[in-house]
Amino acid sequence: KNEVEQSPQNLTAQEGEFITINCSYSVGISALHWLQQHPGGGIVSLFMLSSGKKKHGRLIATINIQEKHSSLHITASHPRDSAVYICAVNDDKIIFGKGTRLHILP
Amino acid sequence: SQTIHQWPATLVQPVGSPLSLECTVEGTSNPNLYWYRQAAGRGLQLLFYSVGIGQISSEVPQNLSASRPQDRQFILSSKKLLLSDSGFYLCAWGETGLAFTGELFFGEGSRLTVL
Numbered sequence: 001k002n003e004v005e006q007s008p009q010n011l012t013a014q015e016g017e018f019i020t021i022n023c024s025y026s027v028g029i030s031a032l033h034w035l036q037q038h039p040g041g042g043i044v045s046l047f048m049l050s051s052g053k054k055k056h057g058r059l060i061a062t063i064n065i066q067e068k069h070s071s072l073h074i075t076a077s078h079p080r081d082s083a084v085y086i087c088a089v090n091d092d093k094i095i096f097g098k099g100t101r102l103h104i105l106p
Numbered sequence: 107s108q109t110i111h112q113w114p115a116t117l118v119q120p121v122g123s124p125l126s127l128e129c130t131v132e133g134t135s136n137p138n139l140y141w142y143r144q145a146a147g148r149g150l151q152l153l154f155y156s157v158g159i160g161q162i163s164s165e166v167p168q169n170l171s172a173s174r175p176q177d178r179q180f181i182l183s184s185k186k187l188l189l190s191d192s193g194f195y196l197c198a199w200g201e202t203g204l205a206f207t208g209e210l211f212f213g214e215g216s217r218l219t220v221l
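Residue numbers (our numbering), protein chains in the order written: chain A, 1 to 106; chain B, 107 to 221.
Put into structure tokens, the structure is as follows:
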């Protein structure tokens with residue numbers, strides 16, 4: 001069974017800082033997702049990737065299949081980026097990490 | 107475009123009372139539908155999934171049940187709630203089975219507190 005570990009669990013940073021959230025998993029996968037959960041609880045999909053790197057606005061996601069590791073980066077962070085970021089991997093079913101709670105201070 | 111609606115958003119129920127959470131999807135046909143629970147400090151746990159009307163698979167033995175009376179409607183129920191049923195429940199739909207090889211779409215969630 002795949003184990004998904006995210007780090008850090010909690011992160012507080014100042015507005016403008018470069019943010020990195022890490023995700024590691026234990027068994028080979030077909031794809032990895034990064035999700036954003038808003039304070040109200042709703043979840044939106046940010047990225048789905050199986051190799052390399054994807055960029056959307058200030059968000060960048062990378063994955064290293066050999067090392068079984070992915071990172072989510074936020075450039076020029078803003079208070080509206082405050083949310084829980086969840087990593088999820090596709091094995092024979094999807095498995096979710098526990099999330100990283102990000103708080104950006106103005 | 108596809109949208110997913112889930113209600114109620116918040117629910118406070120006494121132990122032993124029944125539960126009904128409803129989820130509907132728009133903009134797609136024959137979706138794969140899922141119910142997840144998110145307990146405090148834990149990742150999302152898959153409770154039920156459905157690949158079609160009347161077809162329900164349970165991932166975790168528990169006090170809950172699910173039904174799919176229509177193609178785009180998915181209902182989570184309980185006859186008698188337990189304290190341990192408290193949590194945040196999310197409905198989701200995906201394009202291809204359990205593996206979610208396509209994008210994930212989630213409802214806004216329902217926060218259930220059992221007293």
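No residue lacks a Cβ here, since even glycine has one placed at the ideal position from N, Cα and C.
Small disclaimer: the values here were computed from a predicted structure and weren't measured.
Residue range of the beta strand (DSSP E) that residue i falls in?
| i | result |
| --- | --- |
| residue 36(A) | 31-37 |
| residue 90(A) | 83-90 |
| residue 96(A) | 94-96 |
| residue 105(A) | 100-105 |
| residue 175(B) | 171-176 |
| residue 55(A) | 52-56 |
| residue 210(B) | From DSSP, residue 210(B) is part of no beta strand (DSSP E); its letter is neither H nor E. |
| residue 27(A) | First-last for residue 27(A): undefined, no H or E at that position. |
| residue 10(A) | 10-14 |
Return the chain-ordered list of same chain residues with a C-beta closer than 6 Å to the C-beta of residue i, the five sequence neighbours on each side being excluded.
| i | result |
| --- | --- |
| residue 221(B) | 120 |
Which value, in whole angstroms, describes the spacing of the CA atoms of residue i and residue j?
| i | j | result |
| --- | --- | --- |
| residue 122(B) | residue 212(B) | 28 Å |
| residue 180(B) | residue 31(A) | 26 Å |
| residue 160(B) | residue 14(A) | 50 Å |
| residue 1(A) | residue 16(A) | 38 Å |
| residue 188(B) | residue 170(B) | 10 Å |
| residue 80(A) | residue 7(A) | 20 Å |
| residue 197(B) | residue 27(A) | 26 Å |
| residue 130(B) | residue 151(B) | 20 Å |
| residue 210(B) | residue 199(B) | 7 Å |
| residue 143(B) | residue 43(A) | 13 Å |
| residue 222(B) | residue 109(B) | Residue numbering for chain B in the displayed model covers 107 to 221; residue 222(B) lies beyond these limits and cannot be assessed. |
| residue 57(A) | residue 186(B) | 47 Å |
| residue 33(A) | residue 91(A) | 12 Å |
| residue 89(A) | residue 98(A) | 12 Å |
Output needed for residue i: all residues of its chain with C-beta closer than 8 Å, excluding positions within five of it in sequence on either side, in chain order.
| i | result |
| --- | --- |
| residue 114(B) | 127 and 216 |
| residue 158(B) | 136, 174 and 177 |
| residue 172(B) | 141, 153, 154, 156, 162, 164, 180, 181, 182 and 183 |
| residue 106(A) | 15 and 79 |
What does a CB cutoff of less than 7 Å around residue i pick up in its chain, not counting 5 residues either side in sequence?
| i | result |
| --- | --- |
| residue 51(A) | 63 and 65 |
| residue 78(A) | 15 and 104 |
| residue 192(B) | 218, 219 and 220 |
Would you say residue i touches the ligand FMN, meaning its beta carbon is less than 7 Å from a heavy atom?
| i | result |
| --- | --- |
| residue 196(B) | The ligand FMN is not among the ligands present in this structure, which contains no ligands whatsoever. |
Counting pairs of beta carbons, one from the stretch 73-88 of chain A and one from the stretch 33-51 of chain A, are three or more of them closer than 8 Å? yes
Any contact of the stretch 21-29 of chain A with the stretch 65-80 of chain A, i.e. 3+ C-beta pairs under 8 Å? yes
Cβ-based contacts, 9 Å cut-off: residues of the stretch 175-198 of chain B near chain A: 194, 196 and 198
Can you list, in chain order, the residues of the stretch 39-52 of chain A whose Cβ is nearer than 8 Å to any Cβ on chain B? 40, 41, 42, 43, 44, 45 and 48
Mind listing which residues of the stretch 8-37 of chain A have their C-beta closer than 8 Å to chain B's C-betas, in chain order? 30, 31, 33 and 35
Which of the residues in the stretch 141-154 of chain B, read from start to end, lie with their CB under 9 Å from any CB of chain A? 142, 144, 147, 148, 149, 150, 151 and 152
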